[in-house]
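Participant: One structure follows; several queries about it will come next.
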Amino acid sequence: MPLLVAMTAFGFTGYAALMPVAPLWAAHGGADAGGVGLVNGVLMLATVLTQLMVPAALRRLGWVPVLVGGVTFLGLPTAGFFFSDDLLSILFFSALRGIGFGIITVTGSALTAELVPVMRRGEAIGMYGLAVALPQIVFVSAGAWIVDQFAFEVIFAVGLLPILGVFPAWKLGQRVGRVPKPLDPPPYRALVRPMILLLAVTLAGGVLITFMAQMVASSGLVTVALLVMLVTTAFVRWRVGMTADRVGPGKFVLPLVMSTVIGLVLISFAVRDPIDTSVPLLIIGSFFVGAAYGGLQNLTLLLSFGAVDRQHYGAASTTWNVGFDMGTGTGSILIGWIATGSDFSTGLLVAAGISALTIPLALRSRKS
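Here the working numbering is used: the first residue of the sequence shown is 1, the next is one more, and so on.
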């Protein structure tokens with residue numbers, strides 16, 4: 001686990017640093033809300049397309065080249081941001097970074113199942129989640145403030161950090177055996193329900209991460225709201241895993257879906273006027289969304305691994321990660337387009353409605 005945590009921390013630090021700032025860089029270059037939304041949308045599209053190919057790449061190439069390639073692709077293209085704020089340039093380098101992100105997300109979550117006994121899987125996913133969440137707490141929440149106080153280039157430098165993950169990726173890859181070809185086709189139908197639940201909550205989280213700096217005029221308030229959301233995300237993702245190991249993951253899904261809906265509605269009312277933001281509604285809403293964003297990430301991954309046997313861990317990890325990144329990318333593009341034609345308040349209500357549509361799936365999960 002230490003090597004996995006190190007590789008994940010380096011990788012997600014680079015990812016988290018640019019998640020809110022790359023869209024701001026596009027806005028700096030003159031892009032409208034639709035163009036700004038495309039930045040993370042293209043990142044996630046490249047991520048999803050890559051994720052679909054990772055299991056086959058692991059079987060053909062093995063763990064070492066795939067893991068090393070992942071952290072390299074995630075970090076190295078960030079250098080391109082130093083040279084241009086043109087939207088097409090930003091989209092190109094975001095797509096390259098998406099290739100790396102697609103690799104480390106699928107391999108990282110699959111390795112939590114490969115390396116840890118079943119009875120401690122929730123705890124292990126929680127620890128992996130901390131390695132994912134802690135960089136986001138620092139850089140997603142403070143990214144806009146760092147740019148405001150210093151310069152975009154500071155964040156771009158942080159975005160290069162995944163390159164430092166090459167050594168732990170190489171060592172980790174040497175410790176894991178070859179990935180065998182599955183004897184039976186993956187049970188994708190059993191994986192659809194947790195994927196859709198995850199897609200809805202990551203759509204909500206992706207909207208806030210991508211657009212909080214555009215929805216709220218004060219960079220300090222943006223930092224506080226995202227900090228509340230992401231600290232809550234990290235804590236809940238960590239704690240809910242240990243509890244789910246004892247009582248099962250299904251009991252918590254419905255309350256967390258409702259938390260998503262409530263949080264988005266509160267934030268929608270908070271940001272009706274970007275200049276006169278309702279601070280209490282924004283902070284409370286960010287807390288509710290953060291709890292759901294963290295808890296459902298852990299629980300849906302547990303539900304996914306619980307639905308398959310060992311030969312299909314790669315398929316379960318891929319499906320889960322596709323749901324995560326489709327939600328994040330769809331949120332960026334869809335809500336960006338809605339905001340261009342209307343406003344962010346309306347876009348957040350649409351996101352709340354999408355989350356509400358998953359309530360029937362959450363009710364079925366209570367039996368798991």
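The beta carbon of each residue, even a glycine, is placed where N, CA and C say it ideally should be.
Keep in mind that this is a model prediction, so the values were computed, not measured.
Specify the secondary structure class of residue 127 as computed by DSSP and reduced to three states.
Facilitator: Along the sequence shown, read from residue 1 onward, the residue named residue 127 stands at position 127. Helix.
Participant: Assess, as a yes-or-no matter, whether the segment 322–340 is touched by the segment 191–206 under the definition of 3 or more beta carbon pairs within less than 8 Å.
Facilitator: In short, these stretches touch, since the Cβ pair count reaches three.
Participant: Since residue 341 and residue 238 should fall inside the 8 Å C-beta cutoff, what is the C-beta to C-beta distance between them, to a whole number of angstroms?
Facilitator: One-based indexing of the sequence shown puts residue 341 at position 341. One-based indexing of the sequence shown puts residue 238 at position 238. Not a contact, Cβ separation roughly 39 Å.
Participant: If I measure Cβ to Cβ from residue 147 and keep anything under 7 Å in the same chain, skipping five residues before and after, which residues do I get?
Facilitator: Within the sequence shown, residue 147 is the residue found at index 147, counting from 1. Excluding sequence neighbours, residue 147 sits near 21, 24, 155.
Participant: Just verifying my parser: in three-state terms, what is the DSSP assignment at residue 272?
Facilitator: Locating residue 272 in the sequence shown gives position 272, counting from the first residue. Correct three-state label for residue 272: coil.
Participant: Given a cut-off of 8 Å on the beta-carbon distance, is the pair residue 124 and residue 116 in contact?
Facilitator: For the purposes of this step, residue 124 is identified with residue 124 of the sequence shown, where counting begins at 1. For the purposes of this step, residue 116 is identified with residue 116 of the sequence shown, where counting begins at 1. Cβ atoms of residue 124 and residue 116: closer than 8 Å.
Participant: Measuring CB to CB, does residue 14 end up less than 8 Å from residue 158?
Facilitator: The residue labelled residue 14 in the question sits at position 14 within the sequence shown. The residue labelled residue 158 in the question sits at position 158 within the sequence shown. Yes.
Participant: To which residues of the same chain is residue 75 closer than 6 Å at the C-beta, ignoring the five residues directly before and after it?
Facilitator: Taking the first residue of the sequence shown as 1, we reach residue 75 at position 75. Taken in chain order, the residues that qualify are 14, 160, 162, 163.
Participant: Please classify residue 234 as buried or exposed, where buried requires at least 16 neighbouring CB atoms within 10 angstroms.
Facilitator: Reading the sequence shown from its first residue, position 234 is the one you call residue 234. It is buried - the Cβ of residue 234 has at least 16 other Cβ atoms within 10 Å.
Participant: Tell me the DSSP secondary structure of residue 330 in three-state form.
Facilitator: For the purposes of this step, residue 330 is taken as residue 330 along the sequence shown, with counting starting at 1. It is helical.
Participant: Evaluate contact between the segment 91–106 and the segment 37–56, counting only Cβ atoms and requiring at least three cross-stretch pairs below 8 Å.
Facilitator: Yes, since at least three Cβ pairs between the segment 91–106 and the segment 37–56 fall closer than 8 Å, the two stretches touch.
Participant: Rounded to a whole number of angstroms, what is the C-alpha to C-alpha distance between residue 345 and residue 67?
Facilitator: Taking the sequence shown and counting its residues from 1, one reaches residue 345 at position 345. Taking the sequence shown and counting its residues from 1, one reaches residue 67 at position 67. Using only the alpha carbons, I get a separation of about 40 Å.
Participant: Suppose only complete runs of 4+ residues qualify. What are the alpha helix (DSSP H) ranges in the segment 176–218, listed by chain order?
Facilitator: Segments of the alpha helix (DSSP H) lying fully in the segment 176–218: 188–215.
Participant: Can you give me the start and stop residues for the alpha helix (DSSP H) that residue 58 sits inside?
Facilitator: Taking the sequence shown and counting its residues from 1, the one referred to as residue 58 is at position 58. Note, residue 58: alpha helix (DSSP H), 54–61.
Participant: State buried or exposed for residue 82, treating a residue as buried only when at least 16 other CB atoms are found within 10 Å of its CB.
Facilitator: If you number the sequence shown from 1, residue 82 lands on position 82. Per the 10 Å Cβ criterion, exposed.
Participant: Go to residue 120, then tell me how far its alpha helix (DSSP H) extends in each direction, as first and last residue.
Facilitator: Taking the sequence shown and counting its residues from 1, one reaches residue 120 at position 120. Run containing residue 120: none; DSSP gives neither H nor E here.
Participant: Taking the alpha-carbon of residue 50 as reference, which of 63, 101, 30, 79 has the nearest alpha-carbon?
Facilitator: Position 50 of the sequence shown, counted from the first residue, corresponds to residue 50. It is 101 whose Cα lies nearest to the Cα of residue 50.
Participant: So what's residue 101 in DSSP terms, helix, strand or just coil?
Facilitator: Taking the first residue of the sequence shown as position 1, residue 101 is located at position 101. It is helical.
Participant: Counting along the chain, where does the alpha helix (DSSP H) carrying residue 19 start and finish?
Facilitator: As a working mapping, residue 19 is identified with position 19 in the sequence shown. 2–28 is the extent of the alpha helix (DSSP H) around residue 19.
Participant: Here's the rule I'm using: 16 or more other beta-carbon atoms within 10 Å means buried, otherwise exposed. How should residue 363 be labelled?
Facilitator: Numbered from its first residue, the sequence shown carries residue 363 at position 363. It is exposed - the Cβ of residue 363 has fewer than 16 other Cβ atoms within 10 Å.
Participant: Looking at the secondary structure, which residues open and close the alpha helix (DSSP H) in which residue 51 lies?
Facilitator: As a position in the sequence shown, residue 51 is number 51, starting the count at 1. Segment 33–51, the alpha helix (DSSP H) holding residue 51.
Participant: Apply the 10 Å Cβ neighbour rule to residue 32 and answer buried if 16 or more other Cβ atoms are within range, or exposed otherwise.
Facilitator: For this step, residue 32 is matched to residue 32 along the sequence shown. Flag for residue 32 reads exposed.
Participant: Using a Cβ distance threshold of 8 Å, determine whether the segment 217–237 contacts the segment 288–296, with at least three qualifying pairs required.
Facilitator: Output reads yes: the segment 288–296 touches the segment 217–237.
Participant: Residue 264 and residue 348: beta carbons closer than 8 Å?
Facilitator: Counting from one through the sequence shown, the residue named residue 264 turns up at place 264. Counting from one through the sequence shown, the residue named residue 348 turns up at place 348. A contact, by the Cβ cut-off of 8 Å.
Participant: Between 95, 1, 212, 70, which lies nearest to residue 267 when the distance is taken from Cα to Cα?
Facilitator: The residue labelled residue 267 in the question sits at position 267 within the sequence shown. Answer by Cα proximity: 212.
Participant: Excluding the 5 residues flanking residue 106 on each side, which residues of the same chain have their C-beta closer than 7 Å to its C-beta?
Facilitator: In the sequence shown, the residue the question calls residue 106 occupies position 106. For residue 106, where only same-chain residues beyond five positions count, the Cβ hits under 7 Å are 51, 54, 317, 318, 321.
Participant: Span of the alpha helix (DSSP H) holding residue 281?
Facilitator: Within the sequence shown, numbered from 1, the residue matching residue 281 stands at position 281. 279–306 is the extent of the alpha helix (DSSP H) around residue 281.
Participant: Tell me where the alpha helix (DSSP H) around residue 78 begins and ends.
Facilitator: Mapped onto the sequence shown, residue 78 falls at position 78. From DSSP, residue 78 is part of no alpha helix (DSSP H); its letter is neither H nor E.
Participant: So residue 35 and residue 26 are supposed to be a Cβ contact under 8 Å. How far apart are they, rounded?
Facilitator: Reading the sequence shown from its first residue, position 35 is the one you call residue 35. Reading the sequence shown from its first residue, position 26 is the one you call residue 26. Confirmed, about 6 Å.
Participant: Within a Cβ cutoff of 7 Å, which residues of the same chain sit near residue 301, ignoring the five residues on either side of it in sequence?
Facilitator: For the purposes of this step, residue 301 is identified with residue 301 of the sequence shown, where counting begins at 1. Closer than 7 Å at the Cβ level, and outside the excluded window around residue 301, lie 109, 125, 320.
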